[in-house]
Each structure stands twice: as C-alpha cells, then as structure tokens.
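Peer 1:
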Amino acid sequence: MPNLTVRNLTNLPLTLKRAERYDSKVVRTGDAFTNTITTITSFLNATNFTTTETHAEGEARSFKDVDVKIESFSVKPTEFSAPVQGKDVLRLQFECEGKRYEVDVPTATDTSTVMKRLSKGDKRELTAVYIARHDFLAILSSSDLSAWMKRLKDEYPLSLLSIPGTHNSPTCYTALPSVRCQAVGVSEQLENGVRFLDIRVSATPDNDNLALVHSAFPISLTGTKWLGDMLAEIYAFLDRNPSEAIIVSLKREGTGKASDQDMSRYLRDRFIKGNNGKDAKRWWTRGHIPTLGDVRGKIVLMRRFNVADSVRKSENDGKGFGIDASVWPDNCEDGKCGGGLVRVQDFYEIDQSTNIERKVGYSHAQLERAAEQLFRHPTPNGPDKSNGGSGSKNNNATKPPPFFVNFLSASNFFNATCWPERIAAKVNPSVVEYLCMRHGEEGKGPKKLKVGDACTGIVVTDWVGAHGDWDLIRCIVGWNAKLQAKQ
1 MPNLTVRNLT
11 NLPLTLKRAE
21 RYDSKVVRTG
31 DAFTNTITTI
41 TSFLNATNFT
51 TTETHAEGEA
61 RSFKDVDVKI
71 ESFSVKPTEF
81 SAPVQGKDVL
91 RLQFECEGKR
101 YEVDVPTATD
111 TSTVMKRLSK
121 GDKRELTAVY
131 IARHDFLAIL
141 SSSDLSAWMK
151 RLKDEYPLSL
161 LSIPGTHNSP
171 TCYTALPSVR
181 CQAVGVSEQL
191 ENGVRFLDIR
201 VSATPDNDNL
211 ALVHSAFPIS
221 LTGTKWLGDM
231 LAEIYAFLDR
241 NPSEAIIVSL
251 KREGTGKASD
261 QDMSRYLRDR
271 FIKGNNGKDA
281 KRWWTRGHIP
291 TLGDVRGKIV
301 LMRRFNVADS
311 VRKSENDGKG
321 FGIDASVWPD
331 NCEDGKCGGG
341 LVRVQDFYEI
351 DQSTNIERKV
361 GYSHAQLERA
371 AEQLFRHPTP
381 NGPDKSNGGS
391 GSKNNNATKP
401 PPFFVNFLSA
411 SNFFNATCWP
421 ERIAAKVNPS
431 VVEYLCMRHG
441 EEGKGPKKLK
451 VGDACTGIVV
461 TDWVGAHGDW
471 DLIRCIVGWN
481 AKLQAKQ
C-alpha cells in the first residue's frame, strides 16, 4: 500500500505530530425517502450526492508520535500507509504556531472538511481536502467565503487574485437542461466566495428592461428574469460586505432586436447612472485593471459588447467604458482581447463526452499560465527589491498581469451527455485535484512553465454549490494565501 502524501497550502509551516489508525465504520445519513429522491435527482443532474459517511470506530489500533515539519506551500510524503478504502481511518494531528488540529483520512464525506481545533481559544481554521485515488491530503487556510478579500492588501491588482466565477451565473431556475448551468442563485454564490459573474441579456429597442438569457433562451420557464432584480441582489451583498469586489462580465444575446450600442445606453442611463445617480458609485467603469483598493464595494464592468459613441465620449473623459472584452476570441484555448488586458480559455464545443479530456487539458494549462505571473510592488524608489525587483522605476515587472479567464464550462445542445451539469461533473473534480496536487508546483503543469505568484486567475465554473459542495470555490480562494505569504 502506498504511503500518504501531505501538501501544505497555507502560508504557515505545519508539523505532523501524531498518527493513529482506526477501523472504519460506514454510517447512513438522512432518511430513506429523502435519500432516494435526492439520489434520483443527483443521477439526473450528474451532481455528487452520497447517503453515507465514513467514521473511525472504537479505539485506535495503532498510534505513533512524530515531528515532521511541512513548510508552507510544500509537499511531504509521510511514513504512514494510506488508509484502505472501507477498512481503516488514519487520524492525523498537526501543529501550527503551537496550536493543534486534527483530521480523519478519509474525511467523513467526499467533500472537504474543516479540521478539528484541539487547542483552547484557537480561532484559526484549516480545511483538508483528501484525494483518495492519489492517497493525497491537501491542507488549506479556511476563509470566510463571504468576505475573503478582506485579508488581502489594497495594492494588489485585481488580476493578481485567485477569483472564483460562475458561467451564465443566474441560470439556476427551472429551465431546459441544456440552458441551466447553476445549482444555486447569485446571492448564494456570492456568499460562498464567487466574485466573477457571467451575465447574458436580451435587449429590445426603446425598452431599457434587460432580460436575463442563455443564448436564445430565457433562463426560466416560469417567467422572465430581469437584470435589475439581479443587480439589487449584488448591491445588497456589497452593502453587507464592503471589502469585496465583483467583476460582472456582460454580453448581449437572446432574440431582442436592439443593438450593442442601444444596450450600452440602457446600461449607463438606467442601471449605472439611475436611481438619481446614487448607483454610479457602485460601479467601476474605467478601461484599465484596477487595484483591489480601487474597487472594494463595487462592480467592475467587463464589457463583451460594443458601446455607442455617445457613451464612450461621455465616460471617464472619453477613455472608455469598462474593461473592453468586446472582441471575444471564440472557442479558444488561449485567446487575447481588450488590448491584452484579458486572456481567455473558452473552448466550449464538445461534440462527444470523450472530448472532455481536451477541455480538462486546456483548463489546466490556463491555470498554469495564470500561476506564472509575478507582480512586484512599486515603492517610492521603484519596484520592491524584496520581491525581486531591480529598483528601476521603469521596471516593467510592476505592470499588472492580464485577467486570465478560464471557463470550465462546455456544452452540446444535441447531446445529453454534454449538457452543462454533466460536463461539470467531470471537469470540476479534475480542477480540484489539479489545484491541490499540481498548481503552483514548478514543472508540474502541462506546459512546464515557471511559477510566479501562483494565482489561479478567474476560474469560471458550472454547477458549484450542489448539495452544499463548495470544494472547487474553496480551493480557488485558498490560493490567495500565496499572496498573504508575500505581504
């Protein structure tokens, strides 16, 4: 049996102090009726749901005290054989800054778990993700997902952060299975760490009501959903969490006959400058990459539409309206737009379920490109030498990296095995595994690139949050600890 490997993805060293081995016991959860109905629903939607948990049983069969230090962002093979599925549980104790934490491997469920705090008065939380098929345990810093940006410095360019996003974000309603992309609504997404929203609207001439759509289809079979109502949800979230910033990517789709230029006027006049001008302060519509401090409490507009000349000339001293992503590269592995401000992986044409491996490979490669980026803080005398800067005021190392936008989504309307939730059921776990095991490791990515600040870029997902499973979001947010280690 291979030994267990541990990766420390926190910004502090951990020390493995004790290992105990127990017999395992499988415990059923919920009642028979609920489990049956939810299992059927999960089968139809391809989302993960289990009706059992694995627990340690009785007294420890064996134990050993050790003193194995695992440095921040490092990997350490242990001397302990990995637990045999269905037979035993390995209980591990770790120490961090004098405080003890405990985790069972495998964890009780297939999702991540917050490690048990063993020290009195300790408020720090650590999250463990166990990847059973590789006998691999990753430990991340837990974050308050509703306000995770609070821990990061104002000076960081927004493009340097590891940002979870959702594809066709509001498509959580009863709809055609090829149209629905999300398990939960926008408010719940935001509360659980999502900070990039992909929104498509249909625009009608002489009508500034913008309907939410996915391609040519309405997002709900029970009635039209409107952009204004969704923006009210976003405003309410930002009012509760002023430390956060939300990137909104907006695109015109649907059957409406209005033009991009019409839509740009509707957006400016009603939704940004409306409410007697009170909402204007809620938006960042400049055409360059902001710092986090610039946009806390705001919506950052990423524009996938053209603008009317009157809008362009009236905004930001004629210097543009939003981050320009209007010339979006189609079905691409690594396309550029916005004058190089945005780099996109958006390969979506899946013609058969076996083609999913190509999508997975492209997703991993875009994560690696984002991880390669390195930002050096400018100082009064030039870039910060402590971060590798040369000291020259003209050193290009201080230029913010582009937004690396990485769509994990793909679909084929005519093939049920390639509908959004079924693609997500394959792609999302592969990205969790990559982030835990390979991301930020020199030479471990598909392109063998060097590692800079190890950000993930903007990772745009389908079907997160189903049955409370936010592992992918936690893993993306967790990589911001690399920036905290640099602060």
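Take the sequence shown: its position 400, counted from the start at 1, is 400 in full-length UniProt numbering, and no numbers get skipped.
Using N, Cα and C, we set each Cβ at its ideal position, and we do this for glycine too.
#1: On the DSSP letters alone, give me the boundaries of the beta strand (DSSP E) that Ala245 sits inside.
#2: Report the option in Leu449, Gly86, Ile163 and Lys153 whose CA atom is closest to the CA atom of Val248.
#3: Quick check on the DSSP output: what are the complete beta strand (DSSP E) runs of length 3 or more inside the segment 74–155, in order along the chain?
#4: What does DSSP give as the partner residue(s) for Asn3 in the beta ladder?
#5: Considering just the uninterrupted stretch of the beta strand (DSSP E) at Asn209, what are its terminal residues?
#6: Look at the alpha carbon of Asp309 and the alpha carbon of Ala128, and state the distance between them as a whole number of angstroms.
#7: Verify whether the separation of the beta carbon atoms of Phe18 and Ala138 is less than 7 Å.
#8: Just the C-alpha distance for Thr255 and Gly228, rounded to the nearest angstrom, thanks.
#9: Check whether the Cβ atoms of Ala416 and Lys359 sit closer than 7 Å, and answer yes or no.
#10: Cutting at 6 Å between CB atoms, please list the residues of its own chain near Gly297, excluding the five before and the five after it.
#11: When DSSP builds the beta bridges, which residues end up paired with Leu14?
#12: Can you list the alpha helix (DSSP H) stretches of 4 or more residues lying completely in the segment 334–377, in chain order?
#13: Name the DSSP beta bridge partners of Val432, please?
#14: In terms of alpha-carbon separation, which member of Lys123, Thr5 and Pro83 lies closest to Gly98?
#15: Rounding to the nearest angstrom, what Cα-Cα distance links Asp260 and Arg252 in this structure?
#16: Assuming Ala203 is part of the alpha helix (DSSP H), what are its boundary residues?
#17: Specify the secondary structure class of Arg28 as computed by DSSP and reduced to three states.
#18: Using the C-alpha atoms, what's the distance from His364 back to Ile356?
#19: What does a CB cutoff of less than 7 Å around Leu9 pick up in its chain, not counting 5 residues either side in sequence?
#20: Roughly how many whole angstroms lie between the Cα atoms of Asp198 and Asp346?
#21: Classify Pro2: buried if its beta carbon has 16 or more other beta carbons within 10 angstroms, exposed otherwise.
#22: Residues in its own chain within less than 6 Å of Thr451 by CB, not counting five upstream and five downstream?
Peer 2: Looking at the atomic coordinates:
#1: Counting along the chain, Ala245 falls outside any beta strand (DSSP E), and DSSP gives it neither H nor E.
#2: Ile163
#3: 74–81, 88–96, 99–105, 126–131 and 136–141
#4: Ser81
#5: Asn207 to His214
#6: 52 Å
#7: Correcting the residue type first, residue 18 is Arg in the shown sequence and not Phe. Taking 7 Å as the Cβ cut-off, Arg18 and Ala138 do not qualify as a contacting pair.
#8: 19 Å
#9: no
#10: Leu238 and Pro242
#11: Ile70
#12: 356–372
#13: For Val432, which the question treats as bridged, DSSP gives no partner whatsoever.
#14: Lys123
#15: 7 Å
#16: Ala203 -> not in any alpha helix (DSSP H); beta strand (DSSP E) instead, spanning Phe196 to Thr204.
#17: strand
#18: 12 Å
#19: Phe73, Ala138, Ile139, Leu140, Gly478 and Ala481
#20: 13 Å
#21: exposed
#22: The displayed chain sequence assigns Val, not Thr, to residue 451. Closer than 6 Å at Cβ, skipping near neighbours: Ala371, Gly440 and Glu442.
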